[in-house]
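Sequential numbering from 1 applies to the sequence shown in the numbering used here.
In this text, a Cβ means the ideal position worked out from N, Cα and C, and glycines have one as well.
Fair warning: this is a prediction, and the values are worked out from it, not measured in the lab.
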Amino acid sequence: MRFLYRVGLLAGLGVFVLFVFGYSLLNTSVAAIAQDSDSVKRNKLGLQLDANDHKKQQDSSKGGRDPSLNTQAQGMFEGGRPSASPKASMHLAVVACGDRTNETLVMLKSALIFTSTKLHCHIFAETDLHFGFRQQIDSWPASIHEKLTYTIYPIMYPPGENSQEWKKLFRPCASQRLFLPELLTDVDSLLYVDTDILFLSPMENLWNFFSAMNSTQLAALAPEHEVKSIGWYNRFARHPYYGETGLNSGIMLMNLTRLRAFHFQDKIIPYYKEYKLKLTWGDQDLLNILFHYYPERLLVFPCEWNYRPDHCMYMQNCKSAETHGVRMVHGCRRVFFNEKQPAFKAIYEAIEQYKLDTDISLLLEGMKAKMEEPDTKASRCGQVANMFLKQVESSVRKASGETAP
Numbered sequence: 001m002r003f004l005y006r007v008g009l010l011a012g013l014g015v016f017v018l019f020v021f022g023y024s025l026l027n028t029s030v031a032a033i034a035q036d037s038d039s040v041k042r043n044k045l046g047l048q049l050d051a052n053d054h055k056k057q058q059d060s061s062k063g064g065r066d067p068s069l070n071t072q073a074q075g076m077f078e079g080g081r082p083s084a085s086p087k088a089s090m091h092l093a094v095v096a097c098g099d100r101t102n103e104t105l106v107m108l109k110s111a112l113i114f115t116s117t118k119l120h121c122h123i124f125a126e127t128d129l130h131f132g133f134r135q136q137i138d139s140w141p142a143s144i145h146e147k148l149t150y151t152i153y154p155i156m157y158p159p160g161e162n163s164q165e166w167k168k169l170f171r172p173c174a175s176q177r178l179f180l181p182e183l184l185t186d187v188d189s190l191l192y193v194d195t196d197i198l199f200l201s202p203m204e205n206l207w208n209f210f211s212a213m214n215s216t217q218l219a220a221l222a223p224e225h226e227v228k229s230i231g232w233y234n235r236f237a238r239h240p241y242y243g244e245t246g247l248n249s250g251i252m253l254m255n256l257t258r259l260r261a262f263h264f265q266d267k268i269i270p271y272y273k274e275y276k277l278k279l280t281w282g283d284q285d286l287l288n289i290l291f292h293y294y295p296e297r298l299l300v301f302p303c304e305w306n307y308r309p310d311h312c313m314y315m316q317n318c319k320s321a322e323t324h325g326v327r328m329v330h331g332c333r334r335v336f337f338n339e340k341q342p343a344f345k346a347i348y349e350a351i352e353q354y355k356l357d358t359d360i361s362l363l364l365e366g367m368k369a370k371m372e373e374p375d376t377k378a379s380r381c382g383q384v385a386n387m388f389l390k391q392v393e394s395s396v397r398k399a400s401g402e403t404a405p
């Protein structure tokens, strides 16, 4: 009897072990098939997810992300309400990594304040940031979503490239912009901006520079400096650069169709490999190198469209801004958040605090109040406050039906 009992116990244990082993093997096979399927999909796109983002996507329980979404949905998200217009007239692209979420949202908010044309925003960001972007953008007023749709993408680099090396080139992920032509193959043209950009006038007006391009030009940028005596490239660069003082890449009009035909990516990667030990400003340096050799491919727009502290911290040297006012602000060197350039911080805070879909005159009042603060008023850039306010005043007049003085 005891013998039969032992035999039965051993047989039962054997069946249990076989069941556990078989179940484990089945799960491993299913996971491998799913992973191979995802890899095939990415290879068909010719993309390589940043290694960190790929790891984060596989664990849907971590980080400030929506756990109800599956892995594929976490990779790319299309945002916009069903009532929104089916096709945008303009495309805006931005790349955000690290602590740049709020700065990016304030940038996009500024574009929407002054823009009436339908806009699609392409946001490339680390996966942990995706849910935060969606949550904030989707909370904006319904009237905003009548003119805004958006897509959020993970950080992606070409197959065979060292994604971590590219990601760390200058500011985290900034180099992503160099690969937009091959990532956004359905987009003809777009405006790329850094996260530290603010619109003070309608995006439509900058978009019009696409019409000003001749048949060979495929991008448009502003100069890095207006005055050679304070120029960086002409004094310190260890690589070729465009023109006399180089280019600033914080705001860039990109004809993606022409850039693809030009084989832009195939030219940029060899320049990186040749000059990577001599680069200081990362992707901006690479664009300077390329347009040094292909100057006929570039249209240069004036500094009023890329107004930086260098234009007023020593002396006012952006002549076009004196005439037309500052149209776009570039808060490089984190001036939106430190005390070095209070005029730039004042403009940022006024836009950040402004409530979308309210009277734009309230924004102007907020800007004027902050510009009147003693530290701001005493600063060199604060002394040209009228230039920061000129385009906003024009928008207020237009909204109220007044004509220009």
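Between the stretch 322 to 333 and the stretch 294 to 309 there are three or more inter-stretch CB-CB distances shorter than 8 Å, so the stretches are counted as touching. For Ser189, DSSP records a beta bridge to Asn255.
Met387 and Val326 have their C-alpha atoms spaced approximately 6 Å apart.
The way I'd put it, the stretch 263 to 274 does touch the stretch 178 to 197; three or more beta-carbon pairs between them come closer than 8 Å. Relative to the Cα of Ser89, the nearest Cα in the group Ile123, Thr149 and Ser139 belongs to Thr149.
The criterion of a C-beta distance shorter than 9 Å is not satisfied by Gly231 and Ile137.
Taking C-beta atoms as the reference points, Pro223 and Phe114 fail to come closer than 9 Å.
Secondary structure note for Leu148: its beta strand (DSSP E) is the uninterrupted segment Leu148 to Tyr153.
For Phe124, the uninterrupted beta strand (DSSP E) run begins and ends at Leu119 to Ala125, by DSSP. Where Met328 is concerned, the enclosing beta strand (DSSP E) starts and stops at Met328 to His330. Fewer than three beta-carbon pairs drawn from the stretch 90 to 97 and the stretch 311 to 324 are found closer than 8 Å, and the two stretches are therefore not classed as touching. Leu119 is a Cβ neighbour of Ala111, given a cutoff of 9 Å. Assignment of Tyr307 by DSSP, reduced to helix, strand and coil, places it in the strand class.
Here Ala222 carries a strand assignment [DSSP, helix/strand/coil]. Pairwise C-beta distances place the stretch 367 to 376 out of contact with the stretch 209 to 222, as fewer than three of them are shorter than 8 Å. With respect to the C-alpha of Thr257, the residue from Val187, Ile123, Arg100 and Ile197 having the closest C-alpha is Val187. Taking 8 Å as the upper bound for CB-CB distance, Asn162 and Phe210 are not in contact here, some 33 Å apart.
In this structure, Leu259 and Leu190 do not form a Cβ contact; the two beta carbons are roughly 10 Å apart against a cut-off of 8 Å. DSSP, read as helix, strand or coil, puts Val396 in helix.
Counting every other CB atom within 10 Å of its CB across the protein chains shown gives Glu304 a total of 16 or more, marking it as buried. It is roughly 15 Å from the alpha-carbon of Glu244 to the alpha-carbon of Leu299.
Minimum Cα-Cα distance from Pro159 among the listed residues Glu182, Ile347 and Arg134 corresponds to Glu182. Taking a contact to require three or more Cβ pairs closer than 8 Å, the stretch 273 to 286 and the stretch 352 to 362 do not qualify as touching. Counting along the chain, Met371 sits inside the alpha helix (DSSP H) bounded by residues Ile360 to Met371.
With distances taken between CA atoms, Ala212 lies nearest to Arg297 out of Arg297, Glu226 and Ala321. Of the candidates Leu129, Val227, Cys121 and Phe77, the residue whose Cα lies closest to the Cα of Val193 is Cys121. Looking at Leu105, Ile144 and Tyr157, the one whose alpha-carbon comes closest to that of Gly132 is Leu105. Contact check for Pro172 against Gly75 fails: the beta carbons are separated by 9 Å or more. Secondary structure at Glu78: strand, using DSSP grouped into helix, strand and coil.
Pairing Gly382 with Leu206, the inter-Cα distance amounts to about 25 Å.
Straight-line measurement puts the Cα of His239 at about 44 Å from the Cα of Gly366. With fewer than 16 other CB atoms across the displayed protein chains lying within 10 angstroms of its CB, Glu402 is exposed. Contact between Leu364 and Glu393 holds, since their C-beta atoms are separated by about 6 Å, short of 8 Å. For Ser211, the three-state secondary structure derived from DSSP is helix. Look at His91 here: in three-state DSSP terms it is strand. Relative to Gln217, the option among Lys87, Thr151, Phe291 and Thr127 whose CA is nearest is Phe291.
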